[in-house]
Amino acid sequence: MAQLIKLQDYLSRYEWDAYRYPTQYIRLKKDNWNKLYYIWENPENGESITGTDEAAEQNRNERSVFSKLRTKFKRGKDLVEETKPKQESNQYADLPESEEELKHYFLDKLFQFQMKWATSTITHTSIVDREYYQDPLLRYLLQRFPDTYLVMYFPVFEIKNAPVETEIILISPIGIEIIYFVEKQTSAVIMAWDERTWLVEEEKKQTKILSPIIALKRTEKLIRSILQTYSIDFPIEKTVLSRTNSIVFATEPYQTKLVDQSKYPDWFQEKRRLTSPLKSSQLKVIEALLKHCSSTSFRRPEWEVDTSPTMIVDLEE
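Note that my numbering gives residue 60 to position 8 of the sequence shown, counting from 1, and the numbers run on in steps of one.
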């Protein structure tokens, strides 16, 4: 599951420590999966983790010490509570029957956890639009890509004291990909007309849309400017992507890939096949970008001092 390091202008824990959290997430995800899988295979043992690997047992001990923060907020309907209602002691009684269903169950838990890390720190939190919890594109980006992909979902940068919203930024160990999704009704055909205007044709009716190239170039220019400030050399590519439509063009735009429904499977599998671990250059990139992101948050009205920010999906909640 890819990591959500920045969501709009919400406060992210990755801003706190861009080097620690990506690697920590991967380790904790593995530990929690081992624990859940053992419980699923051995329901007669309840919540015991006897027989699991040492890492899973260590994680259980860590969480018993460091996962004490259970703050609940009552600040209006738009504020998502950080904690969930306590469940009964037999909380694992309803685990899925098949292993495939168990994986989906775990991914849903991880999505909630990722949203938590992307919208709060130990001491501060952001008011989250509930729609993001149901956003299918966001779920797709997080749940279908490997752990080493770091996602900035329409991040807002602070440039000369002015907020600038950008496109989706996917940061892998080998480069940055700026993605613009254009997805219409399945019967529609997207026509890459020029750099200013594109056409969407459906049932012999044409509708003009603003060319995605404009937004992609604006995001690329901003990213390059930030990376140059820190003397960082990292590949950047731009992609217009449609999983549902054909994209027709006479000439592919300069230094921009057009990936339509026919090319999408290959594009997707290429991302999935990347087995490279996190790289220091990749983490250096996100540290630089996050430094220039805008963040809106408020101090938690109540909070416990937690000496470690290592919190993962609480499967016992």
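The C-beta atom is built at its ideal place from N, Cα and C for all residues, glycine as well. Given the structure is predicted, the values throughout are model-derived calculations rather than measurements.
On the DSSP letters alone, give me the boundaries of the alpha helix (DSSP H) that residue i sits inside.
i: residue 322; result: 316 to 325
i: residue 250; result: First-last for residue 250: 249 to 254, but that is the beta strand (DSSP E), not the alpha helix (DSSP H).
i: residue 214; result: Here residue 214 belongs to no alpha helix (DSSP H); instead the beta strand (DSSP E) covers 214 to 217.
i: residue 76; result: 72 to 93
i: residue 222; result: Note, residue 222: premise wrong, no alpha helix (DSSP H); beta strand (DSSP E) at 220 to 224.
i: residue 163; result: 151 to 169
i: residue 63; result: Residue 63 -> no alpha helix (DSSP H), and no H or E assigned at all.
i: residue 205; result: Looking at the DSSP string, residue 205 is not in any alpha helix (DSSP H); the run it does join, the beta strand (DSSP E), is 202 to 205.
i: residue 337; result: 332 to 343
i: residue 281; result: 264 to 281
i: residue 147; result: First-last for residue 147: undefined, no H or E at that position.
i: residue 352; result: Residue 352 -> no alpha helix (DSSP H), and no H or E assigned at all.
i: residue 182; result: Careful: residue 182 lies outside any alpha helix (DSSP H) and carries neither H nor E.
i: residue 188; result: 188 to 195
For residue i, I'd like the list of residues in its chain whose CB is within less than 7 Å of its CB, leaving aside the five on either flank, ordered along the chain.
i: residue 333; result: 286
i: residue 59; result: 170, 171, 184 and 205
i: residue 432; result: Residue 432 is absent from the model: the chain starts at 53 and stops at 369.
i: residue 253; result: 240, 241 and 243
i: residue 105; result: For residue 105, the predicted structure reports a pLDDT of 42, less than 50, and the residue's modelled location is therefore unreliable. The matter cannot be settled from this model.
i: residue 217; result: 206 and 208
Report whether the distance from the Cβ of residue i to the nearest heavy atom of the ligand MG is below 7 Å.
i: residue 245; result: As presented, the structure is devoid of all ligands, the ligand MG included, so that no description of it is given.
Leaving out the 5 sequence neighbours to the left and right, which residues in its chain are closer than 6 Å to residue i when beta-carbon positions are compared?
i: residue 78; result: 199
i: residue 68; result: 173
i: residue 258; result: 251
i: residue 147; result: 92
i: residue 339; result: 70
i: residue 318; result: none
i: residue 353; result: none
Thinking C-beta only, is residue j closer than 8 Å to residue i?
i: residue 250; j: residue 239; result: no
i: residue 295; j: residue 313; result: yes
i: residue 223; j: residue 207; result: no
i: residue 202; j: residue 57; result: yes
i: residue 376; j: residue 272; result: Lying before the first or after the last residue shown, residue 376 is absent from the chain, which here runs from 53 to 369.
i: residue 53; j: residue 154; result: no
i: residue 265; j: residue 247; result: yes
i: residue 164; j: residue 194; result: no
i: residue 232; j: residue 190; result: no
i: residue 315; j: residue 197; result: no
For residue i, is the classification buried or exposed, using 16 other Cβ atoms within 10 angstroms of its Cβ as the cut-off for buried?
i: residue 282; result: exposed
i: residue 87; result: buried
i: residue 178; result: buried
i: residue 158; result: buried
i: residue 65; result: buried
i: residue 219; result: buried
i: residue 83; result: buried
i: residue 370; result: What is shown of the chain runs 53 to 369, which leaves residue 370 out entirely.
i: residue 350; result: exposed
i: residue 74; result: buried
i: residue 306; result: exposed
i: residue 308; result: buried
i: residue 293; result: buried
i: residue 297; result: buried
i: residue 211; result: exposed
i: residue 260; result: exposed
i: residue 55; result: buried
i: residue 348; result: exposed
i: residue 326; result: exposed
State the start and end residues of the unbroken beta strand (DSSP E) segment that holds residue i.
i: residue 289; result: 288 to 293
i: residue 96; result: Segment: none, residue 96 is in no beta strand (DSSP E) and carries neither H nor E.
i: residue 232; result: 227 to 233
i: residue 242; result: 241 to 243
i: residue 308; result: 308 to 311
i: residue 211; result: 208 to 211
i: residue 328; result: Taken as a continuous stretch (DSSP letters only), residue 328 belongs to no beta strand (DSSP E), as it is neither H nor E.
Skipping 5 residues on each side, what residues in its chain have a beta carbon closer than 8 Å to that of residue i?
i: residue 215; result: 61, 208, 209 and 346
i: residue 329; result: 200 and 225
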